[in-house]
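In the numbering used here, the protein residues as written are 1 to 191.
Here it is as structure tokens:
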């Protein structure tokens with residue numbers, strides 16, 4: 001069975017488990033292309049430049065925006081993030097589907113630039129679970145956690161505008177659902 005290369009956007013609120021699910025997905029489907037986003041924020045502990053993100057200056061980011069280098073870009077918590085066309089196009093041209101793990105605002109920006117993109121929203125089981133996950137990470141201050149929770153509530157209201165919703169209540173089950181969704185779009189069962 002031949003596959004149709006697609007652009008998949010995986011979004012959801014901070015703490016929903018997007019990164020964990022994408023990591024599990026890539027183990028089951030290593031053929032999927034994964035992009036590295038650019039950001040103006042500083043690296044966090046454990047992040048590797050040019051692997052986790054392209055960590056760039058504000059000037060570099062602005063120059064890339066002016067050059068039209070981004071498929072999508074947006075501001076988020078005082079920093080800028082974006083997906084470079086140069087990260088997406090080689091995968092699609094090689095016949096591989098691509099996964100973008102980006103925030104909800106970025107997902108809608110991708111839809112504007114790339115209408116055939118498939119938007120998949122990762123939903124936490126509850127706002128209480130989301131808060132617990134954010135606190136467990138130990139990377140944000142109380143003020144940052146409250147900002148992320150407030151934003152998460154607004155983002156959860158946008159979930160119905162996505163093509164698909166996957167509830168991340170159990171990582172293995174949610175990953176299996178994600179794999180099945182991607183398979184169905186690549187084999188044209190959904191069109």
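Every residue gets a Cβ at the ideal spot worked out from N, C-alpha and C, and that includes glycine.
Which residue or residues does DSSP assign as beta-bridge partners of residue 83? For residue 83, DSSP records a beta bridge to 72.
Locate the alpha helix (DSSP H) running through residue 179, then write down its first and last residues. 171–186 is the extent of the alpha helix (DSSP H) around residue 179.
Residue 115 classed as buried or exposed, judged by whether at least 16 other C-beta atoms fall within 10 angstroms: exposed
Nearest CA to the CA of residue 174: which residue from 118, 24, 32, 4? Checking every option, the nearest Cα to that of residue 174 belongs to 24.
Which residue or residues does DSSP assign as beta-bridge partners of residue 101? 10
By DSSP, does residue 46 sit in helix, in strand, or in coil? coil
Helix or strand or just coil, what does DSSP make of residue 56? Correct three-state label for residue 56: coil.
What residues are listed by DSSP as bridge partners for residue 118? For residue 118, which the question treats as bridged, DSSP gives the partners 8.
Nearest neighbour of residue 47, chosen from 65, 26, 72, 19 [CA to CA]: 19
Return the CA-CA distance between residue 64 and residue 93, expressed in angstroms with no decimal places. 22 Å
Got a sec? Which residues, its chain only, sit under 6 Å from residue 192 by beta carbon, not counting five neighbours each side? Lying outside 1 to 191, the shown extent of the chain, residue 192 is not represented and no answer is given.
Expected contact under 8 Å - CB spacing of residue 67 and residue 36 to nearest Å: That pair is no contact at about 18 Å.
Across which residues does DSSP place residue 34 in a beta bridge pair? 99
What is the C-beta distance between residue 133 and residue 15, in whole angstroms, given that I count them as a contact (C-beta under 8 Å)? 4 Å
So residue 186 packs on residue 26, CB below 8 Å; how close in whole Å? About 15 Å separates the Cβ atoms of residue 186 and residue 26, ruling out a contact at the 8 Å cut-off.
Measure the CB-CB distance between residue 30 and residue 152 and report whether it falls below 8 Å. no
Nearest-angstrom Cβ-Cβ length linking residue 178 and residue 21, presumed shorter than 8 Å: 6 Å
What's the call for residue 11, buried or exposed, on a 16-neighbour Cβ count within 10 Å? buried
Host beta strand (DSSP E) of residue 164 (start-end): 164–167
Excluding sequence positions up to five away, which residues of its chain have a Cβ less than 6 Å from the Cβ of residue 165? 121, 123, 159
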